[in-house]
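Trainee: One structure, as structure tokens, below. Some questions next.
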Amino acid sequence: MHSRLVRDGVELSYRSLGDGPEAVVLVHGWMVSGAVYDDLVEAFAEVPSGRYKLVIPDLRGTGRSSKPEGGYTLAAFVDDVLAVADAAGVHSFAVVGHSMGGQIALGLAAKAPERVRGALLLCPVPPSGMGLPDQARALFRGSGQNQHAQGTILDMACKELSEPARARLLEDAGTIPASCIAEVFDAWTAGDFVDQLGGIRAPTLVVGTEDPFLPPELLRREIVARVPKADLAYLEGAGHYVQVERPRETAAVLRAFLAGLGG
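For the record, in the sequence shown the residue sitting at position 91 is 90 according to numbering that gives the first Met the number 0, with numbers rising by one throughout.
Shown next as structure tokens:
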């Protein structure tokens, strides 16, 4: 069931699953909504457990949240996620961040260290941002409401994406306004929070794959080397959407990470 709150005049939608004492907030990235975690949530729930409460926001501009004309910054997303956590009755939580959601997760850990118990980053974009060749930049930035362009991006980024999963991602992407796609692209490629990484206290696990845009050596240099309690794990074979391409293995990584944080 989707719940809603209003922050800064924007209606934000989120889902809460489970009622366990340990909260996990799952933050999605660019060109998708919180639905990108559906396969992971299903795999995570295959082992019965009353231990966790999962909170899954749709960031502004995506999913069932409002789609304002502007205001799409990484800092605004951090504040949106904190507002969602408050509305869900969650004070202390582990955060999972995929792609741009990894930048947001690190921003959360830097801004609210007393709240973030740990951060699991799936193929995260570094807080330093990400440069792209001019042709790729034009493709990405101008892909809003263009299924062919968005399909091209998925095909470039993924290694093991099934056709049904690809179709679901494209359907989700098609609900996001072109103006949001462009402005959010500008936000994650520029980056933020770099000067705050050294103060992050939360244990952090960066999951790398065969993602052609975010290879493990880049993640190690730009994130692991800059965050005090960070480490790197590697899932061979998968591409950028690791939680969609390999949901059961990603769920196993998540369970092991949460177990390592303790109660």
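Glycine is no exception: its CB is placed at the ideal position from the N, C-alpha and C atoms.
1. Phe212 by DSSP, collapsed to three states: which one?
2. Does the beta-carbon distance from Gly88 to Pro176 come in below 8 Å?
3. For Gln146, collect the residues of the same chain with a Cβ closer than 7 Å to its Cβ; drop the 5 residues on either side in sequence, then sort them by chain order.
4. Are the CB atoms of Leu58 and Ser64 within a distance shorter than 8 Å?
5. State the DSSP-derived secondary structure class of His90, mapped to helix, strand or coil.
6. Let me know if Met99 comes out buried or exposed under the rule of 16 or more other beta-carbons within 10 Å of its beta-carbon.
7. Consult DSSP for Val124 and reduce its assignment to one of helix, strand or coil.
8. In whole angstroms, give me the CA-to-CA distance for Pro71 and Asp194.
9. Which of helix, strand or coil does DSSP assign to Ser2?
10. Please confirm whether Phe92 and Val205 have their CB atoms less than 8 Å apart.
11. Just to confirm, is the Cβ distance from Leu120 to Thr188 under 8 Å?
12. Could you work out which residue in Phe256, Phe212 and Gln242 is closest to Leu231 when comparing CA atoms only?
13. Under 8 Å: do the segment 157-164 and the segment 215-235 share three or more Cβ pairs, one atom per stretch?
14. Counting C-beta neighbours from all protein chains within 10 Å, is the total for Gly117 16 or more, i.e. buried, or is it exposed?
15. Taking only three categories from DSSP, how would you classify Gly33?
16. Alpha helix (DSSP H) containing Ser178: first to last residue?
17. If Gly236 and Glu159 are in contact, beta carbons under 8 Å, what's the gap, nearest whole angstrom?
Mentor: Answer, in terms of the structure:
1. For the purposes of this step, residue 212 is taken as the residue at position 213 of the sequence shown. Assigned with DSSP and collapsed to three states, Phe212 falls in coil, not helix or strand.
2. Position 89 of the sequence shown, counting from 1, holds the residue named residue 88. Position 177 of the sequence shown, counting from 1, holds the residue named residue 176. Taking C-beta atoms as the reference points, Gly88 and Pro176 fail to come closer than 8 Å.
3. Mapped onto the sequence shown, residue 146 falls at position 147. For Gln146, where only same-chain residues beyond five positions count, the Cβ hits under 7 Å are Leu169 and Gly173.
4. Translated into positions along the sequence shown, residue 64 becomes position 65. Translated into positions along the sequence shown, residue 58 becomes position 59. Against a cut-off of 8 Å, the Cβ pair of Leu58 and Ser64 comes out as a contact.
5. Your numbering for residue 90 matches position 91 in the sequence shown. Coil at His90, not helix or strand.
6. Within the sequence shown, residue 99 is the residue found at index 100, counting from 1. A residue is called buried when at least 16 other Cβ atoms come within 10 angstroms of its Cβ; Met99 meets this threshold and is buried.
7. Counted from its first residue, the sequence shown places residue 124 at position 125. In the three-state scheme derived from DSSP, where H, G and I count as helix and E and B as strand, Val124 is classed as coil.
8. Position 72 of the sequence shown, counted from the first residue, corresponds to residue 71. Position 195 of the sequence shown, counted from the first residue, corresponds to residue 194. Before going on, a small fix: residue 71 reads as Tyr here, not Pro. Going by the C-alpha atoms only, they are around 21 Å apart.
9. Taking the first residue of the sequence shown as position 1, residue 2 is located at position 3. Ser2: strand per DSSP, three-state reduction.
10. Here residue 92 is taken as the residue at index 93 of the sequence shown, counted from 1. Here residue 205 is taken as the residue at index 206 of the sequence shown, counted from 1. At a Cβ-Cβ threshold of 8 Å, Phe92 and Val205 do not count as neighbours.
11. Walking along the sequence shown from the start, residue 120 turns up at place 121. Walking along the sequence shown from the start, residue 188 turns up at place 189. Cβ distance not < 8 Å, so Leu120 and Thr188 don't count as in contact.
12. In the sequence shown, the residue the question calls residue 231 occupies position 232. Ranking Phe256, Phe212 and Gln242 by CA distance to the CA of Leu231 puts Phe256 first.
13. Taking 8 Å as the limit for Cβ pairs, the verdict is that the segment 215-235 does not touch the segment 157-164.
14. One-based indexing of the sequence shown puts residue 117 at position 118. Looking at its Cβ environment, which holds 16 or more other Cβ atoms inside 10 Å, Gly117 is buried.
15. Working through the sequence shown from its first residue, we reach residue 33 at position 34. Three-state result, Gly33: helix.
16. In the sequence shown, counting from the first residue as 1, residue 178 sits at position 179. Under the DSSP assignment, Ser178 falls in the alpha helix (DSSP H) whose first and last residues are Ala177 to Ala189.
17. Walking along the sequence shown from the start, residue 236 turns up at place 237. Walking along the sequence shown from the start, residue 159 turns up at place 160. Contact holds; Cβ gap of about 6 Å.
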